[in-house]
Each structure stands twice: as C-alpha cells, then as structure tokens.
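Q: Got a structure for you, questions after.
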Amino acid sequence: MNSTRVPQILGRRTRALALIIGAVVTWELSGRLYQLRTDLLPTPSRISLEIWKEWPQLSAHARVTCGEIAGGFFLAALLAIPLAFTAAMFPGLDRLVEPILACPRYLPLVAAAPVLLIWFGFGTLSKVLLVSLLSFFPIVSGTAEGLHSVPLEVQDLLHTMGATRWQEFLKVRLPACLPDLFKGLKAAATPAVVGAIVGELVAADKGLGYLLLAAHNKLNSPLLFAALVCLSFAAPLLIGAIRVVEREVIPWYQVKQSCVSEASQQKQPR
Amino acid sequence: MLRALPAKRIRDSLSRDSLRGLSAFAVKLSLSSPQRREGTKMSLARVELRNILGCASLEIGEGEFFSFVGPSGCGKTRLLRMLAGLIPAAPGEILISGKRVTGPQTETGFIFSNPALLEWRTALSNVLLQAEVRGLRRTAHEARARRLLAAFGLSGSEERRPCELTPYLKVCVSICRALVHEPPLLILDDAFRFVDPIARERILMDLQHLWMSAGTTAVLVTENIREAVQLSDRVAVLSPHPAEVVQVFPIPLPRPRRMDKGTTPQIAEYSSRIRTLFHAQGVLP
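Each protein sequence line maps, in turn, to chains A and B. When you line the first sequence up against the numbering used here, it's residues 1 to 270, in that order. When you line the second sequence up against the numbering used here, it's residues 271 to 555, in that order.
Given below as structure tokens:
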C-alpha cells in the first residue's frame, strides 16, 4: 500500500495554478512555432496587450456588467430567501412552492431574455431582472433544502421542550439552513453571469456582452478574447465574495468541515 | 402471566439487604450530590399504560427505573414517542401522574438513540438550549449544566463543538441536556447504542449515580439485555412486532450496580432468564 501512494508535493491551489500556467505557455508557444491563424486565435501575449491597450473601454463595460450581476443577484437573494423562510413556516405554502422550484429543471429560463427586453426596455433594468430570474431558483432550492434538513430527533426534542414554531425556526431551522443557503448562493453565481451576458448579447449598448458582439461584428478577435478573459473573472469573484461572507456568518461550518476531512484522512491507509 | 406486577409489590419483594444497600447509597449521594443542595424540589412522575403493548394496565412507579427490552423493529421507539406525546397513543391510553397524555409532554427529558446535537452550538450551549427554549433562568442553569457536564468528565470541553467530541462524549452531552431542567420523567431511547463497550460501562455508572441522586422516574428501551438489567428496577420483555409485554422481571439488586465480581453473576443470572424468554419467542436461537 505504501508504494502506491502518490506523494503530495504541491497543494491543490498550486497544482491548479501550475496547470493554468502550463496551458497558457503551450498555447503561446504553439501559436508562435506552428504559425497558427492568430487572427482567429490570438496568442495570450496578444490578448494581454489588447487588455492593456483597451483597458479604459473594457473596464467601463465590465463595470456595467458587474453592476447588473450584483444588482440582479442581490434582488434574487432578497426575494428568494424570505420566500423560502415563509414557505418553511407554513406547510401549505411549502407544497405550493415545491412544484415551482422544479421549473428551471424543465424550462430554459434564459430564453425569457427577449420577453424581458420587450417588457422592460433595452436598458439595465431588463438585464438585472434576467439575472435575478436565473439566480432566483438555485437560492430558493438551496435555502429550502437547508430548512428541511432538521432531523426528526431534533424536531421531537423541540416538541418535548414545548418550543413554539417561532422558536423552532429561530433556534434550529435558521442556523441549520445556513450551509445549504450558502451552497445555493454559490450555485446561483454562474447563472447570474449567464443572465447578464445573454441579456447584453440580445440587445444592449454597453456591457461586456455588448462588447463581445461588437468585436465579433468587426472580426476583432483580440478584443473578443480580451472581453472573454475579463468575463471569466465575474463568477469566481462573486463566489469568492460569497465565501468571505460565509466564513464570517457560519464559522462553525468551517470547523466541522475540517473535522470531517481530518477524520476521512485518518481512515485512509497509510 | 401477561399481567404486569404493580410497582408496590415489587418494592415489597425487595430483600431487606438490598433495600438497606439502596438507602445507604441514597443518603450518601444526597449529602454529596450538588443537585440536591440547590434546594429544588422535584415531583416525580408516575406512568400508567392502559391497553398498550397487549396488557390491560402497566404502572411505572414514582422514581422507578423501568426498561423495555425487545428485538429491533418491534416498536420500542414508537412506544417512547407515544409516552412523550409526540404521536397519539392508539389504541390505548397513557397517563402521566394521573393526567392523560394528549400532546407533547414538556415535563420530560428525552434522550434519543442519536445524540441529536446542534452542530453550531458548543457542548455547553447545546445543554442550555433546554433552558433557553423553556425560558428558564440562564445563570442558575448554566451552573447546573456545567456541573452535569463535569460529572461526565466534560469539564474543559464545554466550549467544544459536537464535531470535535467523540461519540461517547456526544451521548454524555445529550444526557446532560435531558437532565438540566430536572424533569420528573426521563425517557431513554436506546441512548447508548453508538457508545463503545468500555465507554458504555462508564456511562452506565455515571447515569446510575445521577439517577440515584436526582431520583427521577426513568423509562428506557433497549436491545441490550445486560444494560437493561444493570440499570433497571424492573425489566419488561417485549415480543417481536407487534410488541406485547411477555413478562415483567423485577431486578432486586443493590445499587450502584457495577460490573464487578459480586454483581456480574447476579446480572448474568437475570439476563439469562430474559434470554430464555427470547429463546421461547424465537427471537434468539
């Protein structure tokens, strides 16, 4: 058993970084050595140069997109979390909400973009609403799942304590749902970015999605890739922000995770 | 044969020696135990089961430790949930201290087979959940909670969270939580299932001491015959599903019952009698 175990030289993050750097270097070298069509696939150095040159334009558009994502995401959380809480308090409402939660599994919600644009104009509002539409469902289902994760024994325990419904919610359901709530928020981050981009692709005069389309129309592939690179930071940044809040709100969950991983490491054959 | 013996007759049937032993210990503990010194007067619960488990009437006396032993899946947990008023007692009825059980009984301490601790709370605040929900005074109960935790060797671990505790200590915390509000009735649902055998010996001794000093009425269901014999004043043997009381055994042994040279053979003797019954039922080979 000892000989088969691969020694871990690098941490998980270092490995990921090494992979990315390796891929970029390979891309750059193959672009230069094999004279690929760099007008279609610019090399990383060309893209970096483009980002450097076009930074004022890029950052202005990125700011618009980020604003839409943040606004829409915040709106979705503001609606979704109280809805899930209310549903948990009233079982009748819960049964009503449950089938609605299955919607995104069957419907391509992003296709509602043209409709929203007709209703709410081509400005920022329609994009904000599309973002919240897409991120709404993961947040509700995450929160609802957490609220229902209270084991039967704990419910029995509360009944023998004579707990009121309100006490049950405040002392047990609310703290118990927080890990799943944050999972739902993180799951909603990528749909939020998708919503903003699709909204801008359909009709807009600013934002990274608009820039993508404009660059595409002029066959300006360096700018296209520069916009894509900027865009690829949106979801990780949002997830990172959620992580920071999570660490502040539920420090006990980190402790639990580390306990669990420690225990599983101990069980592995040495 | 199916009729259960009333508690009083059992008490009378206790031998003089064992009674003397019991009272001597009770005196010793009442002097030394911190629980008594608080001056809280505790009323004890008397439990009557009518038309439940196939017997017309089964009474569990005040301050008695009563156990139900039965094979898994015979409905033991269901019985306890009925007793705590968490599910309706159908078709019979249950009376606690003369009052019919119709809803959740708050005058109980329930210990579940799974410790059911809240993982975001520390050991101490898990115990204090009981006081918080009931709106009891925090200061007095915090002192009591700390003493209870210390009695189980958890002093110094009050601020640790459940994931940092061993299964044994988790069970200890759940026992403390069930005792912190001094309930007249303690309900134990196979509480030591997940405790390893050595820790189980310890926990059984600690629990006996606590129970003797607090004097609560206690009802335990378990699949472990020896554990039931070691803890109980009387043991009811249940048949496989649907559970019926086959026989009630009084266990007139002095307390605390340690698994030592003197007591072990006696406990083994009672256990083997119960085993014989299970064998007759086809539960044991």
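Note that beta-carbon positions come from the ideal geometry of N, C-alpha and C, so glycine has one too.
With a threshold of 7 Å between beta carbons, is T160(A) in contact with chain B?
A: For T160(A), the answer is yes, since a Cβ of chain B falls inside 7 Å of its Cβ.
Q: Kindly list, in the order they appear in chain A, the residues whose Cβ is closer than 8 Å to that of F380(B).
A: The contacting residues are D156, L157 and T160.
Q: Who are the Cβ neighbours of F519(B) in its own chain at under 6 Å, not counting the five residues just before and after it?
A: Same-chain partners within the cutoff: V505.
Q: If you draw a straight line from the alpha carbon of L40(A) to that of S221(A), how long is it in whole angstroms?
A: Taking the straight line from one Cα to the other gives about 6 Å.
Q: Under 6 Å Cβ to Cβ from R320(B), same chain only, skipping five residues before and after it: list those, please.
A: The answer, listed in chain order, is S327, G362 and E363.
Q: Using a Cβ-Cβ cut-off of 6 Å (strictly less than) and excluding sequence neighbours within five positions of F382(B), which residues of its own chain qualify?
A: So the qualifying residues of the chain are D459.
Q: Excluding the five sequence neighbours on either side, which residues of its own chain have a C-beta within less than 6 Å of the C-beta of G209(A), listed in chain order?
A: Closer than 6 Å at the Cβ level, and outside the excluded window around G209(A), lie I197, E200 and L201.
Q: Taking the Cβ atom as the reference point for each residue, do V139(A) and A76(A) lie within a distance shorter than 7 Å?
A: Looking at the sequence provided, one finds Ile at residue 139(A) rather than Val. A contact, by the Cβ cut-off of 7 Å.
Q: Relative to chain B, which residues along the segment 235 to 264 of chain A have a C-beta separation below 8 Å, given in chain order?
A: Answer set for the segment 235 to 264 of chain A: I250, W252, Y253, V255, K256, C259 and V260.
Q: Would E50(A) pass as a contact of A227(A) if the rule is Cβ separation under 7 Å?
A: No, the pair does not count as a contact, with Cβ atoms beyond the cut-off.
Q: Short of 8 Å Cβ to Cβ, which residues in the segment 142 to 156 of chain A face chain B?
A: Hits within the stretch, in order: P151, E153, V154 and D156.
Q: Would you mind listing the beta strand (DSSP E) stretches within the segment 341 to 416 of chain B that are 3+ residues and don't spill past its ends, in chain order?
A: Entirely contained in the segment 341 to 416 of chain B, the beta strand (DSSP E) runs reaching 3 residues are, in chain order, 363 to 366 and 378 to 381.
Q: Are the beta-carbon atoms belonging to A84(A) and T143(A) less than 7 Å from one another?
A: Yes, these two residues count as a Cβ contact at 7 Å.
Q: Can G379(B) and A448(B) be called in contact, C-beta distance under 7 Å?
A: Yes, the pair counts as a contact, with Cβ atoms nearer than the cut-off.
Q: For C446(B), I'd like the list of residues in its chain whose CB is within less than 7 Å of its CB, leaving aside the five on either flank, ordered along the chain.
A: V397, A415, L418, L419 and F422, listed in sequence order.
Q: Three or more C-beta pairs closer than 8 Å, one from the segment 56 to 72 of chain A and one from the segment 107 to 123 of chain A: is that the case here?
A: No contact exists between the segment 56 to 72 of chain A and the segment 107 to 123 of chain A.
Q: If you follow the beta strand (DSSP E) that P520(B) is part of, which residue opens it and which one closes it?
A: V515 to P520 is the extent of the beta strand (DSSP E) around P520(B).
Q: Pick out the complete alpha helix (DSSP H) segments inside the segment 38 to 65 of chain A, 4 residues or longer, and give them in chain order.
A: Entirely contained in the segment 38 to 65 of chain A, the alpha helix (DSSP H) runs reaching 4 residues are, in chain order, 44 to 53.
Q: Does A102(A) come out as helix, strand or coil in the three-state DSSP assignment?
A: If DSSP states are grouped into helix, strand and coil, A102(A) belongs with coil.
Q: For R547(B) versus V499(B), is the C-beta distance shorter than 7 Å?
A: Sequence inspection shows Leu at residue 547(B); the Arg mentioned does not correspond to that position. No, the Cβ-Cβ distance between L547(B) and V499(B) is not below 7 Å.
Q: What are the start and end residues of the alpha helix (DSSP H) that includes R496(B)?
A: Run containing R496(B): I495 to L501, per the alpha helix (DSSP H) assignment.
Q: With distances taken between CB atoms, is the gap from V465(B) to V441(B) smaller than 7 Å?
A: The answer is yes: Cβ separation under 7 Å.
Q: In whole angstroms, what is the alpha-carbon distance linking F120(A) and S126(A)?
A: Rounded to the nearest angstrom, the two C-alpha atoms are 5 Å apart.
Q: DSSP on V507(B), reduced to helix/strand/coil?
A: Here V507(B) sits in strand by DSSP.
Q: Show which residues of chain B have a CB atom less than 9 Å away from the CB atom of K183(A).
A: Within 9 Å Cβ-Cβ: nothing; K183(A) doesn't reach chain B, min ~16 Å.
Q: Any beta carbon from chain B within less than 7 Å of A163(A)'s own beta carbon?
A: By this cut-off, A163(A) is an interface position.
Q: Going by C-alpha distance, which of I330(B), E452(B) and L350(B) is nearest A513(B)?
A: It is L350(B) whose Cα lies nearest to the Cα of A513(B).
Q: P432(B) to V154(A), Cα distance in whole Å?
A: Going from the Cα of P432(B) to the Cα of V154(A) covers about 14 Å.
Q: Quick check on DSSP: helix, strand or coil for E329(B)?
A: Correct three-state label for E329(B): strand.
Q: Excluding the 5 residues preceding and the 5 following D205(A) in the sequence, name in chain order all residues of the same chain whose CB lies nearer than 8 Å to its CB.
A: Only F122 meet the Cβ criterion.
Q: Can at least three beta-carbon pairs, one atom from the segment 186 to 196 of chain A and one from the segment 155 to 168 of chain A, be found at a separation below 8 Å?
A: No: fewer than three Cβ pairs fall under 8 Å.
Q: Grab the span of the alpha helix (DSSP H) containing D180(A) for me, first residue to last.
A: First-last of the alpha helix (DSSP H) with D180(A): L174 to V202.
Q: Taking a contact to mean a Cβ-Cβ separation below 7 Å, would you say A234(A) touches L223(A) in this structure?
A: Cβ distance not < 7 Å, so A234(A) and L223(A) don't count as in contact.
Q: In chain order, which alpha helix (DSSP H) runs of at least 4 residues are fully inside the segment 75 to 150 of chain A?
A: Fully enclosed alpha helix (DSSP H) runs of 4 or longer: 91 to 101, 103 to 106, 113 to 120 and 124 to 147.
Q: Got a sec: is the Cβ-Cβ distance from Q167(A) to anything in chain B below 7 Å?
A: Yes, because at least one Cβ of chain B sits closer than 7 Å to the Cβ of Q167(A).
Q: Could you pull out every residue in the same chain whose Cβ sits closer than 7 Å to the Cβ of A411(B), ignoring the five residues on either side in sequence?
A: Reading the sequence as shown, one finds His at residue 411(B) and not Ala. Counting only Cβ-Cβ distances below 7 Å, and skipping sequence neighbours, we find L398, A401 and V450.
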